[in-house]
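Peer 1: Using UniProt numbering, you'd call the opening residue of the sequence shown number 1 and step up by one each time. Glycine included, every Cβ here is placed at the ideal spot set by N, Cα and C. This structure is in structure tokens; I'll ask about it shortly.
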Amino acid sequence: MLYKYCAILVVVTALLLVCDSALAVFWPGEYSPVDARRSLHYANATFADIGALESWQCGASCQATPSFQVTSILERNGAQGPLAFVGVDKSNAQVVVALRGGVPQKDWFMHWRVKPVLFDITSLCGLQCKVDASFQNGYLALRRGIRAAVVRDLRENPGYDVLVTGHSFGAALAQLAAIDLQAHVNRMFFVSKPVVSLYTFGMPLVGNRDFAVWAKQMLVRGSHFRITRGHDPVPRTPLHGMVDFQHVSSEVHCPDKVTTTCHVSVDDSGKSADVGMRGAHRRGVKMQDHFLYFE
Numbered sequence: 001m002l003y004k005y006c007a008i009l010v011v012v013t014a015l016l017l018v019c020d021s022a023l024a025v026f027w028p029g030e031y032s033p034v035d036a037r038r039s040l041h042y043a044n045a046t047f048a049d050i051g052a053l054e055s056w057q058c059g060a061s062c063q064a065t066p067s068f069q070v071t072s073i074l075e076r077n078g079a080q081g082p083l084a085f086v087g088v089d090k091s092n093a094q095v096v097v098a099l100r101g102g103v104p105q106k107d108w109f110m111h112w113r114v115k116p117v118l119f120d121i122t123s124l125c126g127l128q129c130k131v132d133a134s135f136q137n138g139y140l141a142l143r144r145g146i147r148a149a150v151v152r153d154l155r156e157n158p159g160y161d162v163l164v165t166g167h168s169f170g171a172a173l174a175q176l177a178a179i180d181l182q183a184h185v186n187r188m189f190f191v192s193k194p195v196v197s198l199y200t201f202g203m204p205l206v207g208n209r210d211f212a213v214w215a216k217q218m219l220v221r222g223s224h225f226r227i228t229r230g231h232d233p234v235p236r237t238p239l240h241g242m243v244d245f246q247h248v249s250s251e252v253h254c255p256d257k258v259t260t261t262c263h264v265s266v267d268d269s270g271k272s273a274d275v276g277m278r279g280a281h282r283r284g285v286k287m288q289d290h291f292l293y294f295e
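As structure tokens, this is what we get:
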């Protein structure tokens, strides 16, 4: 009888350990103002010259993360096209991917018309998932190099996770990159699968509801936060051509430059941009808010 009770105790203990481990793996991370600011520095650094990135001497953004080591820089169409850099942040045990979508005119959002296309057919999102063609094409131009660089850096730094970030158009590419990289590292690493986290700033609408719901499921293991500021109009674009595009959760709305006043939405997946931007008047537009995150 004693043996029977001991056996039951062992089984129950094992189940508790498994459940506790599962919660540790699948419960998404909390919003961190420190991580958000660090991510913004990486996102801002994408607008520096290639030489400044290679030497990691790009001013305040590089000085904020002095131990960061750039391992790869990828670009298409020169200085005006999409760019990504990959590197190792040893202080936070992360491989970082920061993306820039290009250098558009400041009023691009007033003229941009979305062209919805089927999301990457190699994914498991399904035939109803649609994203904007310009975002998908921008990321696909960089995807092969990003994947290779991330896998290489992860293998050279066992136990590291991945942080993906970007601002504006770069935020849209970062959204696609985070989803793609989580699926890719799941395939490449069989035992300890790295977790991909995502912090974006001023991100426009990337895809439709089916895409938003699926993207949330793909990123459930890591922190994934879409940060908006004041009356930044870009998170409410496109203004023309596609009314059913919806954001992926979770939104963090900052009414001003003070990070302590930011409000975290528990779950805004599938909501329209007008609903998601808490504290911002639906008709309010302040383009300067798009360029002044945490400043």
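Let me check one thing: in DSSP terms, what residues is Tyr199 bridge-paired to?
Peer 2: Along the sequence shown, one-based indexing puts residue 199 at 199. DSSP output for Tyr199 lists Thr165 and Phe225 as bridge partner(s).
Peer 1: DSSP state of Ala84, grouped into three classes?
Peer 2: As a working note, residue 84 is residue 84 in the sequence shown. Three-state result, Ala84: strand.
Peer 1: Name the DSSP beta bridge partners of Ala98, please?
Peer 2: By 1-based counting over the sequence shown, the position of residue 98 is 98. Partner(s): Phe85 and Thr165.
Peer 1: Around the C-beta of Arg155, are 16 or more other C-beta atoms found within 10 angstroms, so that it is buried, or is it exposed?
Peer 2: Numbered from 1 along the sequence shown, position 155 holds the residue referred to as residue 155. When all chains shown are included, Arg155 counts as exposed.
Peer 1: Could you pull the DSSP bridge partners for Phe245 from this structure?
Peer 2: Here residue 245 refers to the residue found at position 245 when the sequence shown is read from its first residue. Phe245 pairs with Asn208.
Peer 1: For Tyr160, which residues from the same chain have a beta carbon less than 8 Å from its beta carbon, with the 5 sequence-adjacent residues on both sides left out?
Peer 2: In the sequence shown, the residue the question calls residue 160 occupies position 160. So the qualifying residues of the chain are Val88, Ala93, Gln94, Val95, Asp153, Leu154 and Pro194.
Peer 1: Around the C-beta of Ala45, are 16 or more other C-beta atoms found within 10 angstroms, so that it is buried, or is it exposed?
Peer 2: The residue given as residue 45 occupies position 45 in the sequence shown. Answer is buried; the Cβ neighbour count reaches 16.
Peer 1: Could you name the residues of the same chain whose beta carbon sits closer than 8 Å to that of Glu295, not counting the 5 residues immediately before and after it, in chain order?
Peer 2: Taking the sequence shown and counting its residues from 1, one reaches residue 295 at position 295. Around Glu295, the same chain offers Lys257 as residues with beta carbons nearer than 8 Å, after the five sequence neighbours per side are excluded.
Peer 1: Across which residues does DSSP place Cys254 in a beta bridge pair?
Peer 2: Counted from its first residue, the sequence shown places residue 254 at position 254. According to the DSSP secondary-structure assignment, Cys254 is paired through a beta bridge with Arg229.
Peer 1: Count the other CB atoms, across all protein chains shown, that sit within 10 Å of the CB of His184; report buried if there are 16 or more and exposed otherwise.
Peer 2: Taking the sequence shown and counting its residues from 1, the one referred to as residue 184 is at position 184. Classification for His184: buried.
Peer 1: Helix, strand or coil: which one does DSSP assign to Leu154?
Peer 2: For the purposes of this step, residue 154 is taken as the residue at position 154 of the sequence shown. Reduced to three states, the DSSP call for Leu154 is helix.
Peer 1: Determine whether the beta carbon atoms of Val164 and Leu198 lie at a separation below 8 Å.
Peer 2: The residue you call residue 164 lines up with position 164 of the sequence shown. The residue you call residue 198 lines up with position 198 of the sequence shown. Their beta carbons are under 8 Å apart, which means Val164 touches Leu198 by this criterion.
Peer 1: Figure out for me which residue from Val234, Ser250 and Asn186 has the closest Cα to the Cα of Phe169.
Peer 2: Counted from its first residue, the sequence shown places residue 169 at position 169. Comparing Cα positions, the closest option is Val234.
Peer 1: What is the DSSP secondary structure of Gln128, counted as helix, strand or coil?
Peer 2: Taking the first residue of the sequence shown as position 1, residue 128 is located at position 128. Looking at Gln128 - three-state DSSP - the assignment turns out to be coil, as it is neither helix nor strand.
Peer 1: Between the C-alpha atoms of Ser55 and Ser39, what's the straight-line distance to the nearest angstrom?
Peer 2: Start at 1 with the first residue of the sequence shown, and residue 55 comes out as number 55. Start at 1 with the first residue of the sequence shown, and residue 39 comes out as number 39. Distance between the alpha carbons of Ser55 and Ser39 is about 19 Å.
Peer 1: What does the Cβ neighbour count give for Arg144, buried or exposed, with the cut at 16 atoms within 10 Å?
Peer 2: Position 144 of the sequence shown, counting from 1, holds the residue named residue 144. A residue is called buried once 16 or more other Cβ atoms fall within 10 Å of its Cβ, and Arg144, having fewer, is exposed.
Peer 1: Please report how far the alpha carbon of Ala60 lies from the alpha carbon of Ser67, in whole angstroms.
Peer 2: As a working mapping, residue 60 is identified with position 60 in the sequence shown. As a working mapping, residue 67 is identified with position 67 in the sequence shown. Roughly 14 Å between the two C-alpha positions.
Peer 1: Are there 16 or more other CB atoms within 10 angstroms of the CB of Arg221, so buried, or fewer, so exposed?
Peer 2: To locate residue 221, count along the sequence shown from 1; it is residue 221. Under this definition Arg221 is a buried residue.
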